[in-house]
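Engineer: Can you read through this structure? Questions will come right after.
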Amino acid sequence: MRSGREVSKRVLAVAALLAAIGAATQASAGSIQRSVTNPNVSIETIVQFGNDVQPVTIEENSRVNIARVIQIGGSGTVDATIIQNGTRNYANVIQMGGTTNAAVGQSGLSNTADITQIGNSTNALLLQIGDMNSGAVRQFGRFNWLAIFQFGR
């Protein structure tokens, strides 16, 4: 009788462990986000993948701002918006999906943005205000739209 209880307890413990692992894997499989922020440096990295990729918005207001977004979606839409105000700003967006939309706005002494999009319809908007502006956009798809605005101070 006692060995039957021990077996039952172990079976229940293993079942609970497997359920917890299954739930954790589902929650962490679609999105990874890491960030470090203080008045001097802000670093934000977001990686998303799967058929239900959610829109991403990053806003950074430190002296040095670094934002990275990687979105790998299915046939749906992937959206990323990055807004940076600081002395030095760096933004990197990589998107794959049916429709990809990226908007990057930077204001600072040195602004660098890099956008890569792969999809049936790719759309990008880049706005940079500062003395040293650098932007690169690569779009691979049937319908591509791009607007770049760069202004010196």
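Those letters in the sequence shown? Residues -29 to -1, 1 to 124, per mature numbering (1 follows the signal peptide of the UniProt record, and there is no 0), in order.
Beta carbons: idealized from backbone N, C-alpha and C, even for Gly.
Just so you know, these numbers come straight off a predicted model, no measurement behind them.
Can you give me the start and stop residues for the beta strand (DSSP E) that residue 60 sits inside?
Structural biologist: Run containing residue 60: 59 to 67, per the beta strand (DSSP E) assignment.
Engineer: Quick one: using the 10 Å Cβ neighbour count with 16 as the cut-off for buried, is residue 59 buried or exposed?
Structural biologist: Residue 59 is buried by the Cβ-count criterion.
Engineer: Once the 5 residues before and after residue 39 are set aside, which same chain residues still bring their CB inside 6 Å of it?
Structural biologist: Here the set comprises 16 and 63.
Engineer: Thinking C-beta only, is residue 97 closer than 9 Å to residue 80?
Structural biologist: Not in contact: residue 80 and residue 97 (Cβ atoms no closer than 9 Å).
Engineer: Quick one: grab the DSSP three-state call for residue 22.
Structural biologist: Residue state, collapsed to three classes: coil.
Engineer: Distance check for residue 73 and residue 91, CA to CA, integer angstroms please.
Structural biologist: The straight-line gap from Cα to Cα measures roughly 14 Å.
Engineer: Please report how far the alpha carbon of residue 54 lies from the alpha carbon of residue 86, in whole angstroms.
Structural biologist: In a straight line, the C-alpha of residue 54 is about 14 Å away from that of residue 86.
Engineer: Have a look at 112, 114 and 120 and flag the residue whose alpha-carbon is nearest the alpha-carbon of residue 100.
Structural biologist: Among 112, 114 and 120, the Cα nearest to that of residue 100 is on 120.
Engineer: Taking C-beta to C-beta, are residue 24 and residue 3 nearer than 9 Å?
Structural biologist: No, they are not a contact pair.
Engineer: Under 6 Å Cβ to Cβ from residue 77, same chain only, skipping five residues before and after it: list those, please.
Structural biologist: Within the same chain, residue 77 has close Cβ partners 55, 60 and 99.
Engineer: Provide the residue(s) that pair with residue 39 in DSSP beta bridges, ordered along the chain.
Structural biologist: For residue 39, which the question treats as bridged, DSSP gives the partners 16 and 63.
Engineer: What are the residues that DSSP puts in a beta bridge with residue 81?
Structural biologist: 59 and 103.
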